[in-house]
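Note that our numbering has the sequence shown beginning at 3, numbered continuously upward.
The structure appears below as structure tokens.
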Amino acid sequence: MSAAFESYENRYCELSASLSRNCATAGVLDGEQRKQKISEVKAGLDEAESLIRKMDLEARALQPSIKAGLLVKMREYKSDLNSLKSELKRIETKNSSAARDELLEAGMADTLAVSANQRDRLLYTTERLNNSTNKIRESRKVMLETEELGVSLLQDLHQQRQALLHADNMLHGVDDNVGRSRRIITKISRRMDRNKCIIGAIVTVLVIAIAVILYFKLFKK
């Protein structure tokens, strides 16, 4: 609920109570005092009607979840305003002595009872709507906190995924290095085998050469 709407609403409730009292007072007055009181009531009704229009505009500009509850309030306020207008019209159409007698006998009591009942209903409805609004705000707060937690979890998962991808890349790099090392070791091993064969051949040739030399030295003399 906007601050402007609450301000208009508080002003309207005060004005409605004041208009109800002035209507009751106007019904028992005579002459100029009665006319003056009726003029005050008319001015108050104009202000009340202006406040209702402002509240209606404020309510329609809010979110749908809040607007629905405020529009229910607006219907109650409009009904209350129509009741005040009807009461003023009834007072204007009757002469002061008849209005005074009627109000003293039953009309005043009925009007005050109806007005009090309407105000009680308005207060009850307002309290219920305020409770509903508070619940909606709490639900929205929980939803926002849950959304923030979800975003935080997603960010953590993204970071973990990046870390896993980095580790995977490192493992691939290690595998490549191991593969290259194996190939180098294989080449070295082959070269060593080849060198062994060459050395063996050389040794064999030397042994044969020595044997031949010894043979010629020993047996050809």
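Glycine included, every Cβ here is placed at the ideal spot set by N, Cα and C.
- Taking a C-beta distance under 7 Å as the contact criterion, Q120 and D58 do not qualify as a contact pair.
- As the crow flies, the alpha-carbon of N132 is around 21 Å from that of A19.
- With respect to the C-alpha of I40, the residue from V144, S22 and E51 having the closest C-alpha is S22.
- The three-state secondary structure of D32, taken from DSSP, is coil.
- In this structure, the beta-carbon distance from E49 to T127 does not fall below 7 Å.
- Distance between F7 and E149, taken at the CA atoms: about 29 Å.
- Beta-carbon to beta-carbon, L53 and R13 are separated by about 6 Å, close enough to satisfy the 8 Å threshold.
- Rounded to the nearest angstrom, the Cβ distance from L47 to K87 is 6 Å, consistent with a contact under 8 Å.
- In this structure K44 does not touch Y10 by the C-beta definition: roughly 20 Å separates them, more than the 8 Å allowed.
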